[in-house]
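Note sheet for the following structure.
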Amino acid sequence: MRKCNIAIIGLGNIGSYLYNYLKINKKILIEKNNCIPNVKYVSAKNFRKKRSIKIDKKQWLRNYLDATKIKEVDLVVELIGGAEGPAKKLVFNALKNKKHVVTANKALIAKYGDKLSKIAESNKVNLEYEASVCGGVPIIRSIKEGLIANKISKIHGIFNGTSNYILSSMDEYNKNFAEVLTNAKKLGYAEANPTADLNGDDVSSKLKILSSLCFNSFLNNNIYVEGIKEIDKTDIINANKLGYKIKLLGFAESIDKKFYQRVHPTLVKKESHVAGINGVLNAVIIDGNPVGQSIIQGEGAGAAATTSALISDISSILRGNIKFPFSISSKERKKIRFCNIDERYFSAYTRFEVVDKPGVLSNITNIFSKNRVSIKRLVQNPDKDKKTSSIIIITHKSKDKALKKIVKEVAKKSFIKTKPKMIRIDED
Ligand SMILES: NC(=O)c1ccc[n+]([C@@H]2O[C@H](COP(=O)([O-])OP(=O)(O)OC[C@H]3O[C@@H](n4cnc5c(N)ncnc54)[C@H](OP(=O)(O)O)[C@@H]3O)[C@@H](O)[C@H]2O)c1
Numbered sequence: 034m035r036k037c038n039i040a041i042i043g044l045g046n047i048g049s050y051l052y053n054y055l056k057i058n059k060k061i062l063i064e065k066n067n068c069i070p071n072v073k074y075v076s077a078k079n080f081r082k083k084r085s086i087k088i089d090k091k092q093w094l095r096n097y098l099d100a101t102k103i104k105e106v107d108l109v110v111e112l113i114g115g116a117e118g119p120a121k122k123l124v125f126n127a128l129k130n131k132k133h134v135v136t137a138n139k140a141l142i143a144k145y146g147d148k149l150s151k152i153a154e155s156n157k158v159n160l161e162y163e164a165s166v167c168g169g170v171p172i173i174r175s176i177k178e179g180l181i182a183n184k185i186s187k188i189h190g191i192f193n194g195t196s197n198y199i200l201s202s203m204d205e206y207n208k209n210f211a212e213v214l215t216n217a218k219k220l221g222y223a224e225a226n227p228t229a230d231l232n233g234d235d236v237s238s239k240l241k242i243l244s245s246l247c248f249n250s251f252l253n254n255n256i257y258v259e260g261i262k263e264i265d266k267t268d269i270i271n272a273n274k275l276g277y278k279i280k281l282l283g284f285a286e287s288i289d290k291k292f293y294q295r296v297h298p299t300l301v302k303k304e305s306h307v308a309g310i311n312g313v314l315n316a317v318i319i320d321g322n323p324v325g326q327s328i329i330q331g332e333g334a335g336a337a338a339t340t341s342a343l344i345s346d347i348s349s350i351l352r353g354n355i356k357f358p359f360s361i362s363s364k365e366r367k368k369i370r371f372c373n374i375d376e377r378y379f380s381a382y383t384r385f386e387v388v389d390k391p392g393v394l395s396n397i398t399n400i401f402s403k404n405r406v407s408i409k410r411l412v413q414n415p416d417k418d419k420k421t422s423s424i425i426i427i428t429h430k431s432k433d434k435a436l437k438k439i440v441k442e443v444a445k446k447s448f449i450k451t452k453p454k455m456i457r458i459d460e461d
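Right, dumping it as structure tokens:
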């Protein structure tokens, strides 16, 4: 029977779980793939570190880069992380030396995926990265294989478990951002440094990868990114009263032959599917022709879910055949121009905390009409003791550029107490 010699580099959270999984499930994987997954070598940074897994001394590579040079290694699994440094060196060298590569590293694929796929294609080896986007949700293989028949016009959804946990907990327990974040760290749902999860960068990397797969294009950095740090309890309460939930969503879409990529907090109707995805779950919604709308949801992170995706990639390699990393050949991938969202139309929720005195409301609404943004709904919540008022305005669909301009103009007014808010509404 055929055998595939595997080197697992990186034995942290994910690497050690994968190592154990391959040990325990070797027999069933052989039956399913008709090929033996043989973990020949492993490596990590610190040779002396105490690990939860039992490693045979003969398996340990002192220099992780040896995995890319040893002739008998067929497949390198990169589980170090980061777009630069050792992970980058490992994956580039492995592909150059004609080794198949499986990685869970979204940062690396989002930055160097185009270059890496060209090397993989010319050396006729596979580069698989299912685990890099939405952990256990099999979205990449679904786009490349299950949905191959379709022209995809839009992909959107919840691609970050940490931010979804924070927003849904703020909603469920009526708590503010800082309180929920502290708790998320304690529970292990947020890293010690959760910046990339909260500022939208993590979603941005995943969206770039999905977008290029959906539109058969090269990776593109023209993406609007806004995180959740400025969402407060009042916005969540207001959204509920208005019939919405707030979610951090990523969107890649083609509208009238114009392409957009964007990541931002979004008001979604309470009865929508995405509104009901809570906690650390991820959900991906694809609109394609002829299939219509498909939704996949599940665990977006964690060792178990990520290993599920890694095994899918490893199995694909065990079964053979060389596949294009980005679905089609690099020669056929297009250079799409993604547009700035300034020209895209949105309805929006805006909130202004003001000094409660005559003339303020008309001053604000005048700025809306001057910028040709019409108002769909206006709610005013005065606080008599503090002599302040909270003005919430829901707009009709208007150019994003105009919405941003209004918020900027109102922010300069002397009657404004705190930075005004603008959250886009998903109405498509
Ligand atoms: N954690 C998740 O839920 C999750 C979900 C999806 C995707 N991912 C991705 O999976 C990858 C691994 O994540 P993780 O959570 O397992 O990370 P981790 O726990 O921090 O493990 C990283 C591993 O890389 C090793 N390493 C670091 N620098 C190295 C170097 N210079 N040479 C060789 N090995 C080195 C470390 O060695 P030592 O053990 O000796 O320190 C460690 O074993 C990342 O790309 C991450 O984005 C993670």
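Residues 34 to 461 in the numbering used here are what the sequence shown spells out, letter by letter.
Cβ coordinates follow ideal geometry from the N, Cα and C atoms, glycine included.
{"Asked": "In chain order, each beta strand (DSSP E) run of at least 3 residues that lies wholly inside the segment 116-171", "Found": "133-136"}
{"Asked": "Whole-angstrom distance between Cys37 and Ile142, CA atom to CA atom", "Found": "24 Å"}
{"Asked": "Rounded straight-line distance, which links the Cα of Glu64 to that of Ile113", "Found": "29 Å"}
{"Asked": "As assigned by DSSP and simplified to three states, the class of Asp320", "Found": "strand"}
{"Asked": "Residues bridged to Tyr97 [DSSP beta-bridge criterion]", "Found": "DSSP lists no partner for Tyr97."}
{"Asked": "Identity of the residue in Lys241, Val258, Gly260 nearest Phe251 by Cα", "Found": "Lys241"}
{"Asked": "With 16 other Cβ atoms within 10 Å as the buried cut-off, status of Thr215", "Found": "exposed"}
{"Asked": "Delimiting residues of the beta strand (DSSP E) encompassing Cys68", "Found": "68-76"}
{"Asked": "Candidates Ile369, Gly353, Ser447, of which the one nearest Lys157 by Cα", "Found": "Gly353"}
{"Asked": "Segment contact, 8 Å Cβ cut-off, at least three pairs: the segment 223-230 with the segment 365-384", "Found": "no"}
{"Asked": "Member of Arg95, Thr101, Val109, Tyr52 whose CA lies at the smallest distance from the CA of Ile39", "Found": "Val109"}
{"Asked": "Per-residue DSSP class, three states only, for Ile427", "Found": "strand"}
{"Asked": "Where Tyr222 sits in the DSSP three-state scheme", "Found": "coil"}
{"Asked": "Within 8 Å, strictly: CB atoms of Ala164 and Ala140", "Found": "no"}
{"Asked": "Distance, Gly118 Cα to Tyr52 Cα", "Found": "23 Å"}
{"Asked": "Beta-bridge pairing of His189 - partner residues as DSSP gives them", "Found": "Phe284, Ile318"}
{"Asked": "Residue burial classification, Glu111 (beta-carbon count within 10 angstroms, cutoff 16)", "Found": "buried"}
{"Asked": "Cβ-heavy atom distance, Thr339 to ligand 1, below 7 Å", "Found": "yes"}
{"Asked": "Limits of the beta strand (DSSP E) - the one that Cys37 falls within", "Found": "35-42"}
{"Asked": "Length of the line joining the Cα atoms of Ile310 and Ala316", "Found": "7 Å"}
{"Asked": "Any non-hydrogen atom of ligand 1 closer than 7 Å to Ser76 Cβ", "Found": "yes"}
{"Asked": "Whole-angstrom distance between Tyr97 and Asp107, CA atom to CA atom", "Found": "15 Å"}
{"Asked": "Burial state of Arg405, where buried means 16 or more other Cβ atoms lie within 10 Å", "Found": "exposed"}
{"Asked": "Whole-number beta carbon distance between Val296 and Gly283, since they are thought to touch under 8 Å", "Found": "5 Å"}
{"Asked": "Meets three-Cβ-pair contact criterion under 8 Å: the segment 265-279 and the segment 314-331", "Found": "no"}
{"Asked": "heavy atom of ligand 1 below 7 Å from Gly43 C-beta", "Found": "yes"}
{"Asked": "Nearest neighbour of Val307, chosen from Val324, Leu281, Val72 [CA to CA]", "Found": "Leu281"}
{"Asked": "Rounded separation between Met203 and Lys73 - CA only", "Found": "47 Å"}
{"Asked": "Any non-hydrogen atom of ligand 1 within 7 Å of Asn138 CB", "Found": "yes"}
{"Asked": "Whole-angstrom distance between Val258 and Ala100, CA atom to CA atom", "Found": "37 Å"}
{"Asked": "Ile318 CB to nearest heavy atom of ligand 1 below 7 Å", "Found": "no"}
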